[in-house]
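Residue numbers (the working numbering): 350 to 629.
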């Protein structure tokens with residue numbers, strides 16, 4: 350089978366559609382970046398085989414000069430999107446010093462005819478009135494709950510943006526940095542941090558910060574971006590107070606591209622200290 354086929358595939362519980370750039374599982378739909386989709390399709394077409402790092406660099410990152418770190422971070426991102434666990438994998442197994450192997454069953458996806466569902470009988474006027482009243486009670490209760498559901502020590506880490514000049518070569522580092530910050534802040538006593546899956550829902554969406562904070566029920570938003578200058582990577586991070594939209598802390602970190610992974614802990618520590626000071 351073509352290593353980068355464009356036909357829909359069924360990979361485990363997921364239907365993968367390369368042409369649409371997404372995968373679905375029941376009513377759940379997940380968008381994949383182009384490189385992430387190429388990685389998944391390539392592994393799927395080699396299901397059951399161990400694929401080496403160099404082979405992935407040649408086939409998935411063809412024509413782009415990147416390091417093996419890009420593969421590591423891409424696999425981490427793909428596992429997160431699949432809902433996989435590296436310690437108890439159901440999709441991608443790490444073969445030490447050799448590469449990766451996709452172990453989920455793979456087959457060509459077959460479209461099933463849609464079922465014809467007969468229209469429901471028209472409800473009586475009294476039943477419709479009671480349903481409307483019940484829905485109103487639920488909505489009002491939900492609004493009251495949301496109004497009080499943003500504890501002071503709550504922060505959402507939004508996906509860091511890759512603004513480097515290359516073709517999103519640092520996207521996987523940006524995703525890795527986002528996950529490292531979520532992990533570090535979630536271990537801070539008293540802090541509430543939405544899971545990565547919740548934060549990544551807003552990746553690529555242009556929504557007001559206040560709306561994102563309200564939907565995630567947090568008091569603070571942490572976001573940032575990556576830029577480059579020659580071989581130097583500039584990482585900007587900023588902390589925004591959701592109640593008024595003011596940026597109360599911002600800092601820029603610089604590191605050689607070769608040492609970008611080592612700076613994750615430094616950024617996480619600085620952000621944690623800034624949060625401690627802000628929520629006293």
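Quick reminder that beta carbons are idealized off the backbone N, C-alpha and C, glycines included. Since the structure is predicted, the reported quantities are computational estimates derived from the model, not experimental observations.
1) Please state whether DSSP places residue 307 in a helix, a strand or coil.
2) Hey, how far is the Cα of residue 458 from the Cα of residue 626?
3) Would you tell me roughly how many angstroms separate the C-alpha atoms of residue 363 and residue 539, rounded to the nearest one?
4) Taking the beta strand (DSSP E) that residue 572 belongs to, which residues open and close that run?
5) Residue 449 by DSSP, collapsed to three states: which one?
6) Count the other C-beta atoms from every protein chain shown that fall within 10 angstroms of the C-beta of residue 608, then say buried if there are 16 or more, exposed otherwise.
7) Examine the Cβ distances between the region 426 to 433 and the region 380 to 397 and report whether three or more of them are shorter than 8 Å.
8) In the DSSP output, which residue or residues are listed as bridge partners for residue 366?
9) Please classify residue 536 as buried or exposed, where buried requires at least 16 other C-beta atoms within 10 Å of its C-beta.
10) Indicate whether residue 591 and residue 562 have their beta-carbon atoms separated by less than 7 Å.
11) Taking the straight line between their C-alpha atoms, what separation do you get for residue 373 and residue 365?
12) Find out if the Cβ-Cβ distance for the pair residue 573, residue 522 is shorter than 7 Å.
13) Leaving out five residues on either side along the sequence, give the residues of the same chain with a beta carbon under 8 Å from the beta carbon of residue 356.
14) Would you decide whether residue 445 is buried or exposed? Buried here means 16 or more other CB atoms lie within 10 Å of its CB.
15) Once DSSP output is grouped into helix, strand and coil, what is the label at residue 601?
16) How many whole angstroms separate the CB atoms of residue 542 and residue 596, which I take to be in contact at a CB cut-off of 8 Å?
17) Is there a C-beta anywhere in chain B that falls below 7 Å from the one on residue 366?
18) Within 10 Å of its beta-carbon, does residue 392 have 16 or more other beta-carbons around it, so buried, or fewer, so exposed?
19) To which residues of the same chain is residue 547 closer than 8 Å at the C-beta, ignoring the five residues directly before and after it?
20) Where does residue 512 fall in DSSP's three states?
21) In terms of DSSP beta bridges, what is residue 401 paired with?
22) Classify residue 593 as buried or exposed, calling it buried when 16 or more other Cβ atoms lie within 10 Å of its own Cβ.
23) What's the gap between the Cα of residue 581 and the Cα of residue 375?
24) I'd like to know whether the C-beta atoms of residue 571 and residue 623 end up nearer to each other than 7 Å.
25) The alpha helix (DSSP H) that contains residue 565, what's its start and end?
26) Tell me whether the beta-carbon of residue 388 lies closer than 7 Å to the beta-carbon of residue 413.
27) With DSSP as the reference, label residue 377 as helix, strand or coil.
28) Could you tell me the alpha carbon to alpha carbon distance between residue 531 and residue 455, rounded to whole angstroms?
29) For the alpha helix (DSSP H) containing residue 359, name the first residue and the last one.
30) I'd like the span of the beta strand (DSSP E) that includes residue 582, first residue to last.
The relevant details are as follows:
1) For residue 307 there is no data in the structure shown, the boundaries of the chain being 350 and 629.
2) 52 Å
3) 36 Å
4) 569 to 578
5) strand
6) exposed
7) yes
8) 371
9) exposed
10) yes
11) 7 Å
12) no
13) 367, 457 and 458
14) exposed
15) strand
16) The pair is not a contact, with the Cβ atoms about 19 Å apart (cut-off 8 Å).
17) Given the protein chain composition of this structure (a single chain), no chain B is represented.
18) buried
19) 505 and 565
20) coil
21) 448
22) exposed
23) 43 Å
24) no
25) 558 to 565
26) no
27) strand
28) 32 Å
29) Not the alpha helix (DSSP H): residue 359 falls in the beta strand (DSSP E), residues 358 to 360.
30) 581 to 590
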